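S.K.: Residue numbers (the working numbering), protein chains in the order written: chain A, 1 to 360; chain B, 1 to 360; chain C, 1 to 360; chain D, 1 to 360.
Ideal Cβ positions, reconstructed from N, Cα and C, are used throughout, including at glycine.
Quick caveat, the model's predicted, so the values are computed rather than measured.
(1) How would you label residue 308 of chain D, buried or exposed, when you count the other beta carbons within 10 angstroms and need 16 or more for buried?
(2) What residue range is occupied by the uninterrupted beta strand (DSSP E) comprising residue 208 of chain B?
(3) Chain B beta carbons: is any one of them nearer than 7 Å to that of residue 114 of chain C?
(4) Using a C-beta cutoff of 7 Å, does residue 348 of chain A count as contacting chain C?
(5) Give the straight-line distance between the Cα atoms of residue 240 of chain B and residue 62 of chain D, rounded to the nearest whole angstrom.
(6) What did DSSP end up calling residue 161 of chain A once you bin it into helix, strand or coil?
(7) Would you mind sorting residue 318 of chain D into buried or exposed? The rule is 16 or more other CB atoms within 10 Å of its CB.
(8) With 16 as the cutoff for other CB atoms within 10 Å, does residue 315 of chain B come out buried or exposed?
(9) Just how far apart, CA to CA, sit residue 251 of chain D and residue 143 of chain B?
(10) With a threshold of 7 Å between beta carbons, is residue 357 of chain D in contact with chain B?
(11) Which word fits residue 352 of chain C, buried or exposed, when buried means at least 16 other C-beta atoms lie within 10 angstroms of its C-beta?
(12) From the DSSP output, in three-state form, read off residue 189 of chain B for me.
(13) Identify whether residue 155 of chain A lies in helix, strand or coil by the three-state DSSP scheme.
(14) By Cβ distance, which residues of its chain are closer than 6 Å to residue 291 of chain A, with the 5 residues on each side in sequence left out?
(15) I want to know whether the stretch 1-14 of chain A touches the stretch 128-143 of chain A - three or more CB-CB distances under 8 Å.
(16) Could you please give the first and the last residue of the uninterrupted alpha helix (DSSP H) stretch that includes residue 19 of chain D?
(17) Counting only beta-carbon separations shorter than 7 Å, does residue 184 of chain C have a partner in chain A?
(18) For residue 254 of chain C versus residue 262 of chain C, is the C-beta distance shorter than 7 Å?
(19) Rounded to the nearest angstrom, what separates residue 257 of chain A and residue 233 of chain B at their Cα positions?
(20) I'd like the span of the alpha helix (DSSP H) that includes residue 133 of chain B, first residue to last.
(21) Tell me, please, whether the CB atom of residue 30 of chain B is closer than 7 Å to any CB atom in chain D?
(22) With DSSP run on the structure shown, which of helix, strand or coil describes residue 67 of chain A?
(23) In the DSSP assignment, what are the bridge partners of residue 10 of chain D?
(24) So if I threshold CB-CB distances at 9 Å, which residues from the stretch 66-89 of chain B count as touching chain D?
(25) Mind pulling the alpha helix (DSSP H) runs of 4 or more residues that sit fully within the stretch 193-281 of chain A?
(26) Which first and last residues belong to the beta strand (DSSP E) in which residue 321 of chain D is found?
(27) For residue 341 of chain A, which three-state DSSP category applies?
(28) Tell me, to the nearest whole angstrom, how far the beta carbon of residue 209 of chain B is from that of residue 181 of chain B; I am working on the premise that it is less than 8 Å.
(29) From residue 311 of chain A to residue 267 of chain B, what does the alpha carbon distance come to, in whole angstroms?
(30) For the 8 Å Cβ check, are there 3 or more pairs between the stretch 25-40 of chain D and the stretch 342-358 of chain C?
(31) Determine the extent of the beta strand (DSSP E) in which residue 309 of chain C is found, giving its start and end residues.
(32) List the residues of chain C that residue 111 of chain B touches, going by C-beta distances under 8 Å, in chain order.
(33) If you follow the alpha helix (DSSP H) that residue 173 of chain A is in, where does it begin and where does it stop?
(34) Any idea which residues DSSP pairs residue 298 of chain A with across the strands?
(35) Buried or exposed for residue 301 of chain C, going by 16 or more other Cβ atoms inside 10 Å?
(36) Can you pull out the residues from the stretch 13-28 of chain D whose beta carbon lies closer than 8 Å to at least one beta carbon of chain A?
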C-alpha cells in the first residue's frame, strides 16, 4: 500500500532501483489530451541538470515508453502506463550492503517493516522511484492546462547556509533553467555551484530549501477539513525522499507576527476580489483564493556520503561503512522537477474534484 | 469530500459551528476496546485549558454522546458515532458577516468553491469542527494502547517570539498539563501567559509553534513512497485550522548541516539496534525506526481579532470590519489536544495497516 | 470498515437497531441543492407501505433530522448528517437471544468476526440500518435531477412462485404505489397480498424478486473494468440484507440464447443512435448506453419466522428457538424504496465521476 | 478511474488489446511470499484450454514478466508489476471498425463516455484485460495459502440449455481440468464440446453459467453493510466481461422457498458449530460462516459472431457488419480461471482486512 497518490487523478508508482524497471500507472486521466513520449522524456531529462553533470557519474538514459492509455497521440481515458527500463545495474557496488544498515537510509526500517529488503540499491527508497512521479506530472500539467492558466515553477531558495535573494512574484522559469543549480538569483547560483563542488570533493553532502509557486490557480480548489489544499501539498512534498519540513505562505516566520500584522486584507484589483498581501500563501481555510500559492520544502543533506561512518550490521555488530560508487553531494537541483510534479498532481486532482461538484 | 481521514481507522467529521451539532463517525475501529463517554468527555474538556478561561468567554459545554458502535462498554467493530449538540448559537453576532469576507478567514474561499456559505460562524472552518477529531483521537489511542506502549505528548514550544527551553526526551505530560498555556518550561509558561493577556487587551492575536512527540512507537510503521509516516503526519497537522508549517526531526534547521553532521549513526543500546542521535526525528525512509518521533507545527496568529480591518463585501465594495463577540487571542494551548489527536489517528491507522500485512 | 459506499458521493451509515439511533453521513454532495426534512421523511415513510401495516406491528416513527450540511434549505457542499433516533427499544424481546444463534441470521458470523455482538436486535444486520440508505437516496436523486432526466422505479416482480405480468417499458410509479405490495400488476398484487397474509398466519416468511428500472440515464456513465455500472449495481443490491441474486438485462435466461439472438442491433430512433432491443439492460461494456437499465434482485424468505427451529448455543449445545415479538413475513414491499435508493447512490456517484473527467 | 480493485490487496490492471502490452500492478501484497514467473505463466496458460484450441486461432504467447516487487524469489511488500507484451497486433483486421459500432460491444459506449476509442480491437473492453487479473490472482492465492486452507475451484455448470449434473461438495479440480470445456461432469462435457463446435461452424456464440466454490474459508471474512462478502463477490464477478447475473447460495431459486424451508439450522459437527444445510452459500449477514461458499455467474453468448448484423456508423447511417478474423464461440472455459482469480482477489483482500482488526 501507499504507492498511490490522488483520489481522481490517481498515480501509482512501482519499481525498484534495480530490477526490470520503474514507472507509473495513471488512472483517472481525462481523455482527449494530446501527449507523446518526447514531452515526457524532456521532463525526465530535467532531472539531470548541468550541476549534476559535474557531480553525479551515473548515466541514466531513462528512456520512457508509453505502454497503454494513449491512442493516435491522445489519451483514451484509460490507465496510462509509463515505463522506464533499468539499464545501469551494478549489483557489485552494493554487495557490501547486504548485511549493513547505512546511516539515515531506509535499510533498517524497510527490514523492520517487511522482514526483507532489496539491498541492491535503495529499492523503493531510491530517488529512482521519482521517475514515475515526474512522468505523471507531465500529464497532470496537461489536465491543468486544459482547464486553467495555472503555472507551476519551483527553484532552489537556499543551499546550506546560503540563501538566495528572490522575489517570488518575479521569478521566471527561464531564469531558473539557466542556472545549473536551478536558482534564479545569478550570484547565489554561482556560489551554490561552488559550495556543491567543494562538498563533492570533501565526500560530504548539502541540504537546502526549494520554493514552489503555483500562479493563477483558480479560486475554489481544495477541500475543507482533512483534504485542505495545503494539507495535500504538505503530504505530497513530504513524500519526496530527504524532505524534513514544509511551509505555506508565512510559514514558521509567520508565527512571530500578530494577527493584525498577519491578516491579508481584501481589496479590489482589476475588478476582482484580491488580497492586498499574501501571507496566506494563496490558500485560506484549505481552499485556493486565486493568489499565488507559495510553499517551501526543506531537504536534509543526502544520507549518501563518501566518508567513513559508524553503523551496525544486521546481526548487531558495530562496524564502519564507506559506500563505494556514485555520490551526489546535493540533490536540490534534481529535486526541483519532482517538487513541480507533486504540485501538479495535487492541483490536477483537486481541479477534477471541483469539476465533479461544480462542473466548471 | 475531504471529510474523512485514514484508510483503515477511518474518521469522518461532520457539523457546522451552528446548526444541530458536530461530531464524528469512526469506521474501522477494532472491536472489544473498552470505552465510555466520560473518557471522551475528559479529552474534550482539555480543549478548554486554564489560559483560555481568561481569554475566551464562550461557554461550550460540549457534552459528548456515543450514539452507536459501543455495547455494554465495549466497541463492537461497527461505526461509532460521537455527537456533541450545539447549544450556544448566537446568530445575531454573525448577522453583520452575511455579506462581508473576514480577512484571512475562509469566508471568501468557501463561497468561491461552493457558491454558498454558512455565514453564522465559521461553518466547517470553525475550530468547533475539531471536536470530532479530539473525540476520535481517544479511540485511536485505545487502538495504540492495545498493541504497543506508544505515548503521545504535545506542548507549546513558542508563542510569538518567545521560545521555551525544552528537552524533548524529558518532557512529562504532567508538566504540560500543569501549565495554563501547556508549556512545560515554567518560566516561559508565565511569560507566555502574560503575552496572551496583553494581546487580549490589545484585541490582537498571537501564533506560535506546537511540538509533538510520539515515544515508543514500534519500528516498521509507515509506508514507502506516498504514505510515508512523516507525509501522513504533515497532512494531518496541516489539516488543523491556522497551521502554516511542519517539521520532522531536524526540520528547516537541518538544511544547514552537512551530511556527515546530519546522519544518525546506528549503534547498539540495551541489546537493540538504535541510532546514536535522532536528527531523523524517529522516521527513516517514511517508516518509524523506534526512536522518538519529533514534529513541530507552526500556527499563525488567529485571524479573528478585535481590531478594525479593511475588507470587501460580496458585491465588491471596499469596507471595514470589526467582528463582535468572542475573541481567543492565542489558540495554541487549545490546539495541543488536537495535535495529539491527529498524531494518534495517523499512528493508529498505520498500526492497523502493518497488522494487515505482518500480523504483529 | 465497509460502512461507506461511493467514491465521490460518499455515504456512510451508522447505528444499531438498538442504542441511540441510526443515520447516515453524506460526504461529497454538491452544494446548492434544495432539501428539507419533509422530503426525506416522506421517503422514509415509504418503508412502511400498506401491506406491512397488516403484517408488522412495530411502530417506527423514524423522525429524521438534518443535523449538518444544510443551511437555509440548501446543501452547503459539506457533510450532511441525517439522524433518526431509536424509540422503540424492547430489549426483553431479545434477552433469550443473548446466547443463541438464530438460524440464517448474522448472530454467529458477527461473533466469529468481531468476538462480540449486540444481541439486542440485529445490530448492524438489522433492516433498520437501511434507514440511512433511504435517506441518502433522496439526496442522490436530487443530484441526478439537477443534471439529467433519469427516473428510477422499482417494484415487486414475484413473490414465492407467483410472478407478475409486467412490461418494464410501461410501468408507472403511480401504479406501483397504488399496490399495497408494490406490484404494478393489479391481479398479481391481490394474490401476493393473500400469500403474505397466509404466510403471516403460518408464522412463515416469503421471498421474491424486485425489478429495478432506471430510465433516461445519459449514455456514458460507468467505468470500464472494475467499476462497471452493472458491477457497482450488483454490489449495491447485494449489500441489501436478504439478497441472494442479481441480474442485468437478459440475466440468467440470456445464457440460453445464441449470440445472434442476444445481440442488440444498433438503429436510429428520433435522430439518436439507439438499440433495437435491450437484452443488454441499458449497459454495454460497463457503461450506460442510454437505454433503460433493467435489473432484478432476488430476496430470500426472511430468516425471522415464528416457528420452532433447531440451533446451537454459544457454548455449542444443541437447542431449539422460536423468536418472540414482531415478524414481517415478506420484506419485499419494504425493500422497494431501498432498492431505489441504492440505484440512485450508484448513478449519482457515476454521474459525478463523469462530470470530473468530461465536465458535462 | 475504475481500474483498481480491492482495499488492502489492491490490483490495478492496465493495457489495451493493441499497443505496448497489458498487465497489472499489485499494491499491498504482503512481503516474504515465494513467487516466480513460471507459476504465473502456468495460470495464464490456463486461459487457453483444450476446447479453445479447436475454437480460437489467435496465438497469444502471453509471456509474463515480473518487473518489480520481487527479489530473490520473494515478494518485497512493494508494488509488483506483471507485464505481458502484445505480440499479435493485426490492425488491418480492425480497420473496418473505425467508424462502426459492433452490436452489444462497448464501441458505442466508450465513445459516449470518453469521446474517443481505440478501435483496434476492444481496447480495455477486450478479454485481454483479464490477463492482469489472472496474474494477480496467483498472488492472491499465495496470500490465502499463507493464512488458511481456503481452496477455490470454478467450473462450467451449463452451456446454452445444457446443464451438467454436479455435486459441489464433490467436485475436484483435477476433474475440471481433465475436461476440455472445464465441466467436471464427463457426459455433459462431451455434449458441451459438441455444442461449441457446432456454434463455431454456424458462426454463432453460446453463453452459460460458471459455478465457483470457495471451501474452507475461515469464518469471519466480509464486512457488515456495504462490503458484505457476497456484495464484493458480485461486484468482482460482474466486472468480468460478458457477465449478466450472479447468485450466492440458493440464489433466484431460493426465492421460491419459505423461510422455514430456507433457513440453515445450526448444528454441531466435529466439535465445531456448523450449519446442517447450506442454502446461505457460506455467507450470512455478509460474513463467511465457514461453510463452502457457492456462487454462480451468468455469461451471455459473446457479442463477437461471424454472422451479418445490422448496426449504425458513427455518423448515424444504418449499415451492416460482419467482423473478420477470430471468433471464439464460447468463452466459458476460458472464463473459469478468471472467475477463480476474482474470487481469490476478494478473499485475499478480506483476509487482510480481518487481520488488521483481529490480528489472526
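M.R.: Quick answer:
(1) exposed
(2) That run of the beta strand (DSSP E) goes 208-215.
(3) yes
(4) no
(5) 50 Å
(6) coil
(7) exposed
(8) Residue 315 of chain B comes out exposed.
(9) 39 Å
(10) yes
(11) buried
(12) helix
(13) strand
(14) 275, 278 and 282
(15) yes
(16) First-last for residue 19 of chain D: undefined, no H or E at that position.
(17) no
(18) yes
(19) Straight across, the Cα-Cα distance linking residue 257 of chain A with residue 233 of chain B is about 25 Å.
(20) 130-147
(21) yes
(22) coil
(23) Looking at the DSSP assignment, residue 10 of chain D forms a beta bridge with D/27.
(24) 77, 78 and 79
(25) 229-238 and 259-262
(26) From DSSP, the beta strand (DSSP E) with residue 321 of chain D extends over 318-321.
(27) helix
(28) Going by Cβ atoms, the distance from residue 209 of chain B to residue 181 of chain B rounds to 13 Å, so no, they are not a contact pair.
(29) 6 Å
(30) Between the stretch 25-40 of chain D and the stretch 342-358 of chain C, the count of C-beta pairs closer than 8 Å stays below three; the two stretches do not touch.
(31) For residue 309 of chain C, the enclosing beta strand (DSSP E) starts and ends at 309-312.
(32) Near residue 111 of chain B there are no residues of chain C at all, since even the closest Cβ is about 10 Å away, more than 8 Å.
(33) 173-178
(34) A/209 and A/245
(35) buried
(36) 13, 14, 15, 16, 19, 20, 21, 22, 23, 25, 27 and 28
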